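In the UniProt record's numbering, the protein residues as written are 1 to 1045.
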Amino acid sequence: MWNNIIVWSLRNKFFVLLSAAAVSALGLWSLATMKVDILPDINKPTVTVFAESPGLAAEDVERLIINPLEAAVAGAPGIDRIRSNASFAQATLNIEFAWGSDTLRNRQVVQERLAQALLPRGVKPVLGPSTSLLGEIMWVGVSAHESDIMPMELRTLADWTIRPAILRTPGVANVYVMGGDVREWQVNLNAERMRRHGIMIDDVRAKVETALTNKSGNILVEGEKEYPIRILVAPSKVAELGEIAIARIGGGMGESGGMEGGVVRLADIASIVEGPSPIRGSGAIDGKSGVILRVIRQPNAQTLEVTDAIDETFRSLAASLPDGVELHPDLFRQENFIRAGLGNVTEALRDGTILVILILIVFLWNTRATAITLLAIPLSIVMTAIVFKWLGLSVNVMTLGGIAIAVGALVDDAIVGVENVFRRLRVWKTAGKKESHEDIIRVASVEVRNSIVYATLLVVVVFLPIFFVPGLEGRLLSSLGLAYLVSLIASMVVSLTVTPVLSALLLNDRSLEGNEKETRVVLAIKKMITPWIRWSLENVKLITGGVIVTLFLTVGLYVGAGKEGIPPFNEGSAVVMLFLPPGTALSATNDYVTKLETALLQVPGIRQVSNIAGRAPADPHGGSANSSEIQIAFKEGWFERDRDRLFADIQGVLERAGSADYSLGQPITHRVEMLLSGVRAPVVVKVFGDDPERMDEAAKMVLAELKKQKGITNPRIQQNTVVPEFRVYIDRNRVAESGLSSGEVANDLEMGLMGDTLGAVRLGSAPVDVVLRFDAESKGTMTSLRDLALPYSGAASLGSVADIRVEGGRNSIDHEGGKRTLVVSANYAGKDIVGEVGAAKAVLEAGKLPVGVTLSFEGNYQSQKESTRRLPIVFFAGLAMIVLILYRAFRSIPILLIILTNVPTVAIGGMLGIWATGGTVNLAHMVGFISLAGIVSRNGILLIGRALALVRDEGRPFSLETIVQATLDRVTPVLMTSLVTALALIPLLLNGDEPGKEMLNPLAVVIFWGLVSSTIISLFLTPALFYRFGKKAVLHVSKESSSGF
């Protein structure tokens, strides 16, 4: 089949070139219109459910809302994991589905199940917007320079001018607003006045609710015209609320027929003011209060396009903002990491291509031959773009990285073909041109077609098992692997079609002028290695023994090396997750963070600091009042120059501040960690159980063991703990004396202390809530709560009808898989996360945990352990396919085994490269080793294939001289293919910690140094083993015409 493709292409040159031009045009269009992002889609399809329950404590939210919701959705088709959180007044469920599942179908399944849940009256679960954890693309700040711009005005501007403008931007899913003061009209009831007038809370609620909305009187028709009738009762000023009549007191029917007595208006029993609503979240910029808007993009939207559109929106808004208001559009921008990462990888791809050109010029020293060979790179890239466009995939660091790693290999097939054509043409010209020019091109192309096809197939099959690596790592690697494989297959297609055609058209007598002999570089290399090849053939045992000893030493390097999962990103920014003691008020958290931000701004290299504390309404990833997320932006160039010092200085500030737990990392990295375990930390241990006290005990045991590990930093127990709370126990008998039930009193207390939103009035485009509550709220002490006045006759204060005690209650409760969960998390600064977490795990498992408690070690540790378990399986699956392909090619087990000796030799250089660059083996290194198994097999195929051709086709005897000649004939393509593949990786080796290169640099380290060691060894070991064990195999293979070699 492959011969036929070559022959057909040479007979249809014009059609092949026209097709190549058409493919190029389509590929360029595909590149121009493809989605662009920093990473492939690694988000598991997740449906978020919110249920607000004003006034309920965390334990009540768990019992009344979380448990029924979990029971309703459990068992729904396609669900992988259910995580939930019960906190004060809010329940949140995150329901994860299998990768690749349809988002709309998932939401429909959840919605149907929610309808079956039995929940308290008034609690309505709603689905969150369809977003992803990595969809938080930017933070935007709004602050005021002028002192007369109040926080309430700033928040109104953010809520009703800036947020709607952002939401109108195509691709934006949601905008969470935190900080400032939310305007509300407050009706503060005075219980003593209400009791004096005999007015109940329900009376006030009913009267005010009806007075907030304008009504319609239908249509009035007069003659030929009609007029809409509007009944205007809604107040336009806060003072107008006080005029609402609540009740009439005293008197009866007067002589005039009217009612006698006074009217009790709302102002008579309440103070009515415009003021800020109680908040559960805040924002600040550079230590000063402000408003933060967190922008979430839609799942399929492109971050760069959405960001550009939002920037355009800001430009149009700038002129309409009030004087003294400043917009901060760059507190955090995912765009910065994307552009830096893509830019760095694109530069590496460009520089790698330049190095490939230089190698080809040095070895071929022929403009036409170099041009034919190089054409494989752009054609392969545009063909890859077409495939990716068809599959709906994006241009990202991993796909570009796959091409960058493959850029040298893309010309390998063309090198083999062009070099053989060149060699054949030299022989043809020297022999007097007895055959036609096109026949020489055809014979030369066909002669190496099996080397080309089988070598490419080996790389393909060894990569295929990587697509079965599970989890987040599999999603990342599959994008890289797909780009690598598609581009290699494309280069093989080019080498079988376009390369022979261009060789026939461009490589003629004129192209050989000055190239009748091999280049000086090639001749020098052959002269230098010839005696060494002869020596190796005469000392097979010595060279084989030396390689075996070196391999044993290499195994020792691997065993002693540290192990980790995905290499950390370098995003150019930092984030601090801060946790003050549970029960800390939001105001105290803000005071602490303000001082911390002031100290951080003194660190050289920090440009800007912003933070949010608490949570925004319906925010699936918000925190409690004692927590804060701090974004740190660096001055240009500082992060690249001194990342470690910057992080050390930040950690120093955090340590000196004291009294708070924290996690220091980077924004996207934290979100990736969240995807792995649901926790923003690399080290995660989950404690499962039913008894909170036993879970606390187990968590302390875990914490103690983690603290003993050298590389584990900032270990902490999640703050799902007992905090003091006031509990009001209403005495049914005492409230009955006032003619009330305990339920009625509880409802009134909830309204009076929390507030009851009766409706809203609209001031311009901004609605303002009207909220009813008591004017004498608890000030945080038991005495003030006991003295709280009540509007009931016979019950002057809360203490007269209820017992009030201070007791403990959980501030927050987490579930996973339907069971209570307590998390112990930590940062990691060592080089062997698997070893250190594994050591703690072994001690804990050998000890005795509290009854009913189980542990789950997750985060980067779990992902690395899973990858370590899967990758050997993947490797040997690929190796098995290599064996099948090689046997199909040669029909000889001895030859197959000789070629396979190249595979372990990659470990020598690869492990030396790892040792020289830190000594920690990560997932990217392992993938590099797997990919090399296919790449280096090409060398053995080329060397042995040429020896077989000399013996079978040219009648040479199987002798030392024949093996030497075969090796020298193939030294040029072997060195060229290895050199272009290896040297094209140099841009990825340099500055390997730059954004975008984090996953690619470890791959490049292993492939580069593995190729160096395997190429050098294969030039001597493969001929030596073939000379020692290959004679019978050659005789057998020579009789098998199907081998093609």
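Idealized CB from N, CA, C, for every residue including glycine. All values reported here derive from a predicted model rather than from experimental measurement.
Annotation for R183: the continuous beta strand (DSSP E) segment containing it runs R183 to L189. Non-local C-beta neighbours of S271 in its own chain, meaning closer than 6 Å and more than five positions away in sequence, comprise N188 and D775, ordered along the chain. Assignment of Q862 by DSSP, reduced to helix, strand and coil, places it in the helix class.
Counting along the chain, P531 sits inside the alpha helix (DSSP H) bounded by residues R520 to E538. When beta bridges are read from the DSSP output, A247 appears opposite V264. Classified as buried, P465 has 16 or more neighbouring CB atoms from the shown chains inside 10 Å of its CB.
The region 655–663 makes no contact with the region 532–551: fewer than 3 CB pairs, one atom from each, lie closer than 8 Å.
Counting only the Cα atoms, N344 lies some 9 Å from P987.
With respect to V142, I166 sits apart: the two C-beta atoms are not nearer than 9 Å. For the pair A89 and I66, the CB atoms are not nearer than the 9 Å cut-off. By the Cβ-count criterion, V559 is exposed, with fewer than 16 other Cβ atoms from all chains shown falling within 10 Å of its own Cβ. Separation of V448 and G910 (C-alpha to C-alpha, rounded to the nearest whole angstrom) is 29 Å. Checking the DSSP bridge columns, you'll see I285 partnered with K288 and S610. The beta carbons of A618 and T584 sit no closer together than 9 Å. Taking the Cα positions, A74 is about 9 Å away from R113. Relative to G1030, the option among D412, V771, A71 and I944 whose CA is nearest is I944. Contact between G135 and E597 fails: their C-beta atoms lie close to 26 Å from each other, not under 8 Å.
With respect to the C-alpha of I403, the residue from A483, F467 and R423 having the closest C-alpha is A483. Counting only unbroken stretches of 3 or more residues, the beta strand (DSSP E) elements lying wholly within the region 303–369 are 325–333, in sequence order. Using a Cβ distance threshold of 9 Å, A949 and F1026 do not count as a contacting pair.
Its chain contains G55 as the residues whose beta carbon lies nearer than 6 Å to that of E750, once the 5 sequence neighbours on both sides are disregarded; these appear in chain order. Between P125 and V177, the beta carbon gap of about 23 Å keeps them out of contact (Cβ cut-off 8 Å).
Distance from the CA of L537 to the CA of G481, rounded to the nearest whole angstrom, comes to 38 Å. Judged by beta-carbon spacing, P235 lies within the 9 Å limit of A211, meaning their Cβ atoms are closer than that value. Under DSSP, T713 forms a beta bridge with N827.
Contact between A58 and R810 holds: their C-beta atoms lie close to 5 Å from each other, under 8 Å. For V964, the uninterrupted alpha helix (DSSP H) segment begins and ends at L960 to L983. DSSP, read as helix, strand or coil, puts H815 in strand.
Our two residues, P278 and R786, have alpha carbons roughly 22 Å apart in a direct line.
Shown here for V964: same chain residues with a beta carbon closer than 8 Å to its own, the five before and five after excluded, namely T530, I533, R534, L537 and P1023 in chain order. Here the alpha carbon of Q608 sits roughly 7 Å from the alpha carbon of L601. Less than 9 Å divides the Cβ of M398 from the Cβ of L476.
In its chain, beyond the 5 residues on either side, M178, G179, G290, V291, I292 and I612 have a beta carbon closer than 6 Å to the beta carbon of G283.
In summary, M926 is buried, with 16 or more beta-carbon neighbours lying within 10 Å of its beta-carbon over all protein chains present. For the region 60–91, the continuous alpha helix (DSSP H) assignments of 4+ residues that do not extend past its boundaries occur at 67–73, in sequence order. By the neighbour-count definition (other C-beta atoms within 10 Å, threshold 16), Q116 is an exposed residue.
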